[in-house]
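Protein sequence lines, in the order shown, are assigned to chains A and B.
If you read the first sequence in this note's numbering, its first letter stands for residue 1, the second for the next number, and so on.
If you read the second sequence in this note's numbering, its first letter stands for residue 1, the second for the next number, and so on.
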Amino acid sequence: MEGAAGMTSTPESWGRLPKVTQTCRTVYSRFATLPDTGAPFLAHGLGRSYGDSCLNDQGTLLLTRPLDQWIALDTASGILECEAGVSLAEILTRVVPEGWFPPVTPGTKHVTVGGAIANDVHGKNHHVAGTFGAHVLGFELLRSDGSRAWCSRTENAARFRATIGGLGLTGLITRARIQLKSIANPVIDEEQIRMRNLEDFFRLADESDSTHEYTVAWLDTLATGDRIGTGVFMRGNHAGPDAPAKKIKGPLPVSVPVDAPSFLLNRQSIKLFNTLYARKVKGERHRGFTHYEPFFYPLDVLPGWNKLYGGRGFFQHQCVVPRDGSGGPIRDILETISRSGEASFLAVLKCFGSAPPEGLMSFPREGVTLALDFPNRGTPTRELMDELDHIVLQNGGAVYPAKDARMAPETFRKSFPALDAFQAEIDPAFSSCFYRRVTANPNQE
Amino acid sequence: MSDTVLIFGATSAMALHTARNFAAQHANLALAGRDRQRLEALAEDLKIRGAQQVEIFPGFDAEDETTILKTVEAAWKSLETIRHVLIAYGTLPDQSKAESDAAVLRSAVEVNYFSVAGLCHAVADRMLEQGSGTLSVISSVAGLRGRQSNYVYGSAKGGLNLFLQGLRNRLHPKGIRVLTLLPGFVDTPMTRDVPKGPLFISAEKAGSLIHKAMTRKKADVVYVPGFWRVIMTVIRSIPEPVFKKLKL
Ligand SMILES: Cc1cc2nc3c(=O)[nH]c(=O)nc-3n(C[C@H](O)[C@H](O)[C@H](O)COP(=O)(O)OP(=O)(O)OC[C@H]3O[C@@H](n4cnc5c(N)ncnc54)[C@H](O)[C@@H]3O)c2cc1C
Ligand SMILES: NC(=O)c1ccc[n+]([C@@H]2O[C@H](COP(=O)([O-])OP(=O)(O)OC[C@H]3O[C@@H](n4cnc5c(N)ncnc54)[C@H](OP(=O)(O)O)[C@@H]3O)[C@@H](O)[C@H]2O)c1
């Protein structure tokens, strides 16, 4: 084997579950071939997926972070070509001073380009910009048969569409070309507005649809009855050329080094957090200029915050459901949670736009998306999420694999109607814990 | 005027991270190594990181003496004055193979000691001509005490340490600096099969420490990172009658 290697301590996913045993091989060069450690293979970027889609129990995990070279940057057109292990954080540092910005960014900048493609990630601008994949001009895919092919909308188009949102199952992305977005400066013109209920949310979302590039809402999941939907609506635009300069504070000088005791994040502490967070909005609304860092990446301020959930880890649950009048399914979900006694520390609500999915397996589609996280309290937590899945499927929605460690095979199949077409493009030597789990045939076990 | 930095074994993980630090300061870089494709890719990367100019010298093979001399000649011809030379390449042989196979033993000493020594002399000649320069060489803490698990590699690096000491002694009066770099454990392709313990640092960290040592410190011998000076002082102080019984 050439150029790829290395046993390191076993990487985890962001939700820190499940615990697995896998052989790790670092990919040091985009010209390297796949290691000889044997299938199944799976690429692993920065492990910011919450569940098991970036893990490969009993298989070989290809660590892609050292694939961090720039290949070409055209500062006139904003076209960037780089290796797949380059992170959005590195892209920001390099291109913001030149007046460019990632076309789409998730809620953390610590994701790799490969990971952003494989989950076809979305950001607060989905309603105007679609997903990350929509801005990918092409990429090189290394398959287990040794072939390397450039995939784009015109070359190997089927493989291109299968790899965007393809969960790392179609091969190793070695490099990619992306169209960046032009900005005047690093400043965001931001507005935060208090919401009292779900009607407020939908009204603000509609009102902001054509005026604001970035919209998202944070919800208090402990609110019940009429107060369901209480929270803060946040919207913003890249500021114009004469906005005042804004400094970033940078990450806190501390990180969470070890597991916090599991009881730290409980109903009471979450309640306290939600109350404090709601107070953040002075009065009914607050508008101001802010640096892009706190606007897009509030959680990146505390490195290793996922350890706050303790050694048992935590679950995320993110779904998309069609938007139905006043938001019936979302209300059902929120009511189900508040009945359950489980509490979600972070609950984020956003309307997706109507752009057709970029990849065969892209999660974002027209509707409303709700992201939640739950400390792992075992069976009750899993039962609640099963109940949420049920509501999602009844309404013709989908559950997001990047955040999942437990959805049933049926939920997966119903969430992704193009699964059959996708399967034809999978590399037979690639697989993941997630994929084996959601395609398991219960009759065979 | 920006500094010109010539790196032998530029594709090494430590070397390329060192080069990134020079690129960020808009240095001119010259990259010598075996593999043209990887050197070309590295050159593009370093330009985007801020390097003023990057030139590559492919076909440099430490086991082929003529390529060593040719590369030195070509580099000086093209760049005229070179402020920094970094010699980074090396190989970690399989110790047990080197015990039974003379070719493995010879190649380990050839690459890690003999070729470096010859290259240093060729570079020294040029630096003497230009009347200035810093010659930095990546050796290893493994060269500070012979251990059963890697004394073939260690002895080549140990010989190199002595060679550099002597060369420093010779070149110092002429205003030429010789810097011996002594990394401990660094996570690179070379150590792919070594289990990663807490003493390991990333190649990125090593690169930034090496850059700092080359550009800022006046020191002659720099441990990468610095705590290896303490570790090696302890290891070197163990009396041989005791040391020979240890399983190291
Ligand atoms: C705080 C936080 C906020 C988040 N917010 C959002 C959000 O707003 N929107 C959103 O969509 N997601 C969000 N996410 C999820 C995250 O964006 C995705 O999970 C992303 O894919 C992680 O990228 P990664 O580099 O860490 O990839 P990993 O988690 O390491 O891997 C993810 C998938 O990509 C595949 N992959 C990685 N590299 C390659 C490659 N080179 N070739 C082929 N396949 C590859 C892996 O096999 C795996 O299937 C968030 C995560 C966190 C922790
Ligand atoms: N990693 C550690 O823990 C550690 C510790 C102490 C010292 N060191 C020393 O650090 C230096 C850099 O190594 P690294 O850790 O960065 O490992 P690396 O990434 O594996 O680099 C080794 C480099 O040596 C080159 N090379 C090997 N044989 C060569 C030859 N015959 N001719 C020309 N080039 C040759 C390789 O070139 P190709 O790219 O063409 O293969 C590669 O660039 C070496 O001198 C090593 O001995 C390493």
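In this text, a Cβ means the ideal position worked out from N, Cα and C, and glycines have one as well.
In this text the structure is predicted, and so the values were computed from the model without any measurement.
Taking 7 angstroms as the cut-off, is the C-beta of residue i nearer than that to any heavy atom in ligand 2?
i	result
residue 249 of chain B	For residue 249 of chain B there is no data in the structure shown, the boundaries of chain B being 1 and 248.
residue 190 of chain B	yes
residue 35 of chain A	no
residue 85 of chain B	no
residue 158 of chain B	no
residue 43 of chain B	no
residue 89 of chain B	yes
residue 183 of chain B	yes
residue 20 of chain B	no
residue 138 of chain B	yes
residue 60 of chain B	yes
residue 9 of chain B	yes
residue 38 of chain B	yes
What does a CB cutoff of less than 8 angstroms around residue i pick up in its chain, not counting 5 residues either side in sequence?
i	result
residue 197 of chain B	185
residue 380 of chain A	340, 341 and 342
residue 328 of chain A	395
residue 449 of chain A	The structure shown does not extend to residue 449 of chain A, since chain A spans only 1 to 445, so no value can be given for it.
residue 194 of chain B	185
residue 8 of chain A	Annotation note: pLDDT 37 at residue 8 of chain A (below 50); position unreliable, no value reported.
So which residues of chain A does residue i contact, with C-beta pairs closer than 8 angstroms?
i	result
residue 44 of chain B	69, 70, 71 and 72
residue 19 of chain B	Within 8 angstroms Cβ-Cβ: nothing; residue 19 of chain B doesn't reach chain A, min ~11 angstroms.
residue 13 of chain B	28 and 66
Mind checking whether the beta-carbon of residue i lies closer than 7 angstroms to any heavy atom of ligand 1?
i	result
residue 185 of chain A	no
residue 54 of chain A	yes
residue 199 of chain B	no
residue 417 of chain A	no
residue 111 of chain A	yes
residue 251 of chain A	no
residue 150 of chain A	no
Whole angstroms is fine: what's the gap from residue i's alpha carbon to residue j's?
i	j	result
residue 123 of chain A	residue 131 of chain A	7 angstroms
residue 389 of chain A	residue 40 of chain A	29 angstroms
residue 9 of chain B	residue 110 of chain A	31 angstroms
residue 154 of chain A	residue 206 of chain B	42 angstroms
residue 157 of chain B	residue 229 of chain B	16 angstroms
residue 163 of chain B	residue 70 of chain A	38 angstroms
residue 245 of chain B	residue 151 of chain B	15 angstroms
residue 129 of chain B	residue 47 of chain B	29 angstroms
residue 354 of chain A	residue 323 of chain A	11 angstroms
residue 223 of chain B	residue 173 of chain A	37 angstroms
residue 448 of chain A	residue 25 of chain A	Residue 448 of chain A lies beyond the stretch modelled for chain A, which goes from 1 to 445, so this question has no answer here.
residue 229 of chain A	residue 332 of chain A	12 angstroms
residue 32 of chain A	residue 59 of chain A	19 angstroms
residue 198 of chain A	residue 338 of chain A	15 angstroms
residue 3 of chain A	residue 119 of chain B	For residue 3 of chain A, the predicted model reports a pLDDT of 31, less than 50, meaning its position is unreliable and no value from the coordinates is stated.
residue 12 of chain B	residue 19 of chain A	34 angstroms
residue 135 of chain A	residue 358 of chain A	10 angstroms
Along chain A, which residues have their Cβ under 7 angstroms away from the Cβ of residue i?
i	result
residue 210 of chain B	None at all; the shortest Cβ gap to chain A is about 17 angstroms.
residue 124 of chain B	Within 7 angstroms Cβ-Cβ: nothing; residue 124 of chain B doesn't reach chain A, min ~32 angstroms.
residue 48 of chain B	70 and 73
In chain order, what residues of the same chain have a beta carbon less than 6 angstroms from the beta carbon of residue i, not counting five sequence neighbours either side?
i	result
residue 336 of chain A	387
residue 219 of chain A	231, 347 and 349
residue 213 of chain A	125, 128 and 237
residue 58 of chain B	36 and 39
residue 126 of chain B	76
residue 177 of chain A	81, 137 and 138
residue 445 of chain A	For residue 445 of chain A, the predicted structure reports a pLDDT of 43, less than 50, and the residue's modelled location is therefore unreliable. A value from the coordinates is still provided. The answer is none, since no qualifying residue turns up.
Using a C-beta to C-beta distance shorter than 9 angstroms, which residues of chain B count as neighbours of residue i?
i	result
residue 26 of chain A	187, 189 and 192
Cβ closer than 7 angstroms: which chain B residues qualify as neighbours of residue i?
i	result
residue 31 of chain A	37 and 38
Identify the contact partners of residue i in chain A, using a Cβ-Cβ distance below 9 angstroms as the criterion.
i	result
residue 231 of chain B	Near residue 231 of chain B there are no residues of chain A at all, since even the closest Cβ is about 21 angstroms away, more than 9 angstroms.
To which residues of the same chain is residue i closer than 7 angstroms at the C-beta, ignoring the five residues directly before and after it?
i	result
residue 21 of chain B	207, 208 and 211
residue 113 of chain B	156, 159 and 160
residue 147 of chain B	154 and 248
residue 361 of chain A	165, 166, 167, 416, 418 and 422
residue 69 of chain B	122
residue 175 of chain B	131 and 132
*With a floor of 3 residues, list each beta strand (DSSP E) that falls wholly inside the segment 128-179 of chain A, ordered by position along the chain.*
136-142, 148-152 and 172-179
*What are the complete alpha helix (DSSP H) segments, minimum 4 residues, inside the segment 65-121 of chain A?*
88-95 and 113-118
*If you scan the segment 38-77 of chain B from start to end, which runs of the beta strand (DSSP E) of 3 or more residues do you find wholly inside it?*
53-57
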